[in-house]
Amino acid sequence: MKDTLSSLLESAIGALKHQGVLPDDLQPAIRVDATRDKAHGDYASNLALALAKPAGMKPRELAEAIVQALPESDAVQKTEIAGPGFINFFAATDAAAQIVARVLDAGDTFGRSLIGQGEKVQVEFVSANPTGPLHVGHGRGAAIGDCLCRLLEATGFDVTREFYYNDAGVQIHNLALSVQARAKHLTPDDADWPADGYRGDYIARVADDYLAGHTVVADDREVTAGGDPDDLDAIRDFAVAWLRREQDLDLKAFGVAFDVYFLESSLYDSGKVDATVKTLVDNGHTFDEDGATWLRTTSFGDDKDRVMRKRDGSFTYFLPDVAYHLDKWQRGFTTVINEQGADHHSTITRVRAGLQALETGIPEGFPDYVLHQMVMVTRSGVEVKLSKRAGSYVTVRDLIDEVGRDATRFFLAARRSDSQLTFDIDLARSQSNDNPVYYVQYAHARVCSMLRRAEDAGQPFDHSLALSQLALLDNDQEKTVLNRLARYPEVVENATKNREPQQVAQYLLDLAGDFHSCYNAVKVMVDDDATRNARLALGLAARQTLRNGLDLMGVSAPEEM
RNA sequence: GCGCCCGUAGCUCAGCUGGAUAGAGUACCUGACUACGAAUCAGGUGGUCGAAGGUUCGAAUCCUUCCGGGCGCACCA
Numbered sequence: 048m049k050d051t052l053s054s055l056l057e058s059a060i061g062a063l064k065h066q067g068v069l070p071d072d073l074q075p076a077i078r079v080d081a082t083r084d085k086a087h088g089d090y091a092s093n094l095a096l097a098l099a100k101p102a103g104m105k106p107r108e109l110a111e112a113i114v115q116a117l118p119e120s121d122a123v124q125k126t127e128i129a130g131p132g133f134i135n136f137f138a139a140t141d142a143a144a145q146i147v148a149r150v151l152d153a154g155d156t157f158g159r160s161l162i163g164q165g166e167k168v169q170v171e172f173v174s175a176n177p178t179g180p181l182h183v184g185h186g187r188g189a190a191i192g193d194c195l196c197r198l199l200e201a202t203g204f205d206v207t208r209e210f211y212y213n214d215a216g217v218q219i220h221n222l223a224l225s226v227q228a229r230a231k232h233l234t235p236d237d238a239d240w241p242a243d244g245y246r247g248d249y250i251a252r253v254a255d256d257y258l259a260g261h262t263v264v265a266d267d268r269e270v271t272a273g274g275d276p277d278d279l280d281a282i283r284d285f286a287v288a289w290l291r292r293e294q295d296l297d298l299k300a301f302g303v304a305f306d307v308y309f310l311e312s313s314l315y316d317s318g319k320v321d322a323t324v325k326t327l328v329d330n331g332h333t334f335d336e337d338g339a340t341w342l343r344t345t346s347f348g349d350d351k352d353r354v355m356r357k358r359d360g361s362f363t364y365f366l367p368d369v370a371y372h373l374d375k376w377q378r379g380f381t382t383v384i385n386e387q388g389a390d391h392h393s394t395i396t397r398v399r400a401g402l403q404a405l406e407t408g409i410p411e412g413f414p415d416y417v418l419h420q421m422v423m424v425t426r427s428g429v430e431v432k433l434s435k436r437a438g439s440y441v442t443v444r445d446l447i448d449e450v451g452r453d454a455t456r457f458f459l460a461a462r463r464s465d466s467q468l469t470f471d472i473d474l475a476r477s478q479s480n481d482n483p484v485y486y487v488q489y490a491h492a493r494v495c496s497m498l499r500r501a502e503d504a505g506q507p508f509d510h511s512l513a514l515s516q517l518a519l520l521d522n523d524q525e526k527t528v529l530n531r532l533a534r535y536p537e538v539v540e541n542a543t544k545n546r547e548p549q550q551v552a553q554y555l556l557d558l559a560g561d562f563h564s565c566y567n568a569v570k571v572m573v574d575d576d577a578t579r580n581a582r583l584a585l586g587l588a589a590r591q592t593l594r595n596g597l598d599l600m601g602v603s604a605p606e607e608m
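Okay, so the first sequence: first residue is 48 according to the working numbering, each after it adds one.
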């Protein structure tokens, strides 16, 4: 519909140029938007407003001229000029209703597109180090990241989900010491407990399993416990595998699966860290000072230079980070999106600067970042601190157990990532209708119920009859649903382009609302076969679109509630 | 002090990259099940879009400066 209107406007502009009303060299960007207010018709264009100045005409006069020059079309019932010079289009009912046929025909593919053209995209998200179960912040990252991946897949990109972690750093050493302490029957309250040790109860479980000689299988590794409490290396290997498995279980419960687990240590093993250093040095972007080697990141927009090799000879974290992103580029990912907590935002400039200093033709904006702000968790109105060491933080699995996977995913992905989020556990776990995901799912279940009812009444849905009678969908509420359905593909495209999964959530709430209103205003199960089937078809189209959108969010679409 | 993000109804948040009279949910009032699921719907109350300037036909949206909140500012990750 939108495309139709755009091309109508285009030919009108062409005609006006021909008549000499508009200058020939004018190249207007024709824009048609769905209206917010029914009084403004179904679609509106601001073309006359945008062109008034270059054309040297008053907006309303120009709008008049454009409307006069518009070709006839069956799709348009009437046009109006309103406000400062908007051209409002009222869609012909049967033309608008054709969206139902389109949705039913496309089915699961409605809203999908090929704009990605198979481009290889990598999304790195969660990337938690294996020192504890995933917390709510990771959950937000997982919900947003996975939804982004689903959006990218739906728009024709070739997506790789990647999880990056470090199994050898200082944090992991602390983990091993903590497990060892537990294995020697110390508790976090003992004087000898490691200073920076992890205090969570899970440490004791790791220690028990280690002493018992258990074998753990994670997605990317398998380790059998040595059982010797003095063998710190064995303890570390086992603990890492144990927590990787724990995180796998968290992710599985959340419905998120990764294609690649990438180890920071592999960058050292493969020589990529050394190669990166050599390139940076050879390119002359480094200097030595205070016994350390620095990278001159200020040449690439950073506000100060950064140490890359410490005085003790080891590297700061950002060097392997640069090597890692070079590796991503070399693997053929022209678009890379890093979803991570905003508390690490300072790495962006550094990593990009490092990549530029390699002078290998990597674009300046590489990689893309999607940052999510902090999640504050409250219980009984009191903040629960997010700390792995405290051991009292809310995990992803806590939330899933308490409020369910669907609600957790929806909550965490339904808000803009760059605003802070308060997760009120009491509210979220109360199974009340405050929960917006129920609202959307209920709309879906209602259509299913309607269809069951039609079957039971011996009046099953007649597809071909319905499609021939779509023009009967002419109530205000039905038109609202039709217009909403027509916007879905654009929402998917926009959400993908802007990397904003919350747009999908917002759309689903709007569509569900439109449907519920329509459902209450217009009775579907009427005696007239034509009307009933046309309305069932509208319900089916709404159900299909709800299902497709929910699927993008990784949320189920239940047939009954 | 410097950098990034945020500030929209009492509360939780949308606002489709500049459009028309700023919208939902929740809460609070009033109504609708002898019609398809009332986990729903219809209506009402509720706003200096943090503040002040600027850009233009037009600003919650873009620019500047303040105010307030969060997060960063390591030879930690």
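In this text, a Cβ means the ideal position worked out from N, Cα and C, and glycines have one as well.
Rounded to the nearest whole angstrom, the CA to CA distance from Val551 to Leu459 is 13 Å. Here DSSP, grouped into helix, strand and coil, assigns Met608 to coil.
Asp50 and Asp415 have their alpha carbons spaced roughly 31 Å apart. For the beta strand (DSSP E) assignment, the uninterrupted runs of no fewer than 3 residues enclosed by the region 209-270 are, from N- to C-terminal side, 262-265.
In the displayed model, Ile77 falls within coil according to three-state DSSP, outside both helix and strand. Counting only runs of at least 3 residues, the region 97-150 fully encloses the following beta strand (DSSP E) elements, listed from N- to C-terminal order: 123-129, 133-138. The region 322-329 and the region 290-298 do not touch, with fewer than 3 CB-CB distances between them shorter than 8 Å. By the C-beta criterion, the region 165-172 is judged to be in contact with the region 377-385, since at least 3 inter-stretch pairs fall below 8 Å.
The beta carbon of Cys196 is closer than 6 Å to those of Val170, Val206, Arg208 in its chain, skipping five residues each way along the sequence. Within the same chain, Met423, Val424 come within 8 Å of Glu430 by CB-CB distance, once the 5 residues on both sides are set aside. Short of 6 Å from the beta carbon of Val487, and not among the five residues preceding or following it, lie these beta carbons of its own chain, in chain order: Leu555, Ala559. Assignment of Gln467 by DSSP, reduced to helix, strand and coil, places it in the coil class. Residue pairing by DSSP puts Phe362 in a beta bridge opposite Arg356. Looking at Ala143, Lys105, His372, the one whose alpha-carbon comes closest to that of Ser120 is Ala143.
Setting aside the 5 residues that flank it on each side, Leu402 is surrounded in the same chain by Val369, His372, Leu373, Ile409, Phe413, each with a C-beta closer than 7 Å to its C-beta; the list follows chain order.
Of the other Cβ atoms in all chains shown, fewer than 16 fall within 10 Å of the Cβ of Gln115; this residue is therefore exposed. If you check the CB distance, Thr396 and Asp448 do not come in under 8 Å. Using a 10 angstroms sphere on the CB of Phe204, the tally of other CB atoms reaches 16 or more, which defines it as buried.
For Pro106, the closest of Phe210, Asn93, Leu314 by C-alpha to C-alpha distance is Asn93. Beta-bridge annotation (DSSP): Ala339 is paired with Glu336. Taking 8 Å as the cut-off, the Cβ atoms of Ile113 and Leu63 count as close. For Val328, the enclosing alpha helix (DSSP H) starts and ends at 319-329. One alpha carbon belongs to Asp574, the other to Arg590, and they sit about 22 Å apart.
Your pair Asn545 and Ala81 does not check out as a contact, with CB atoms roughly 17 Å apart and the cut at 8 Å.
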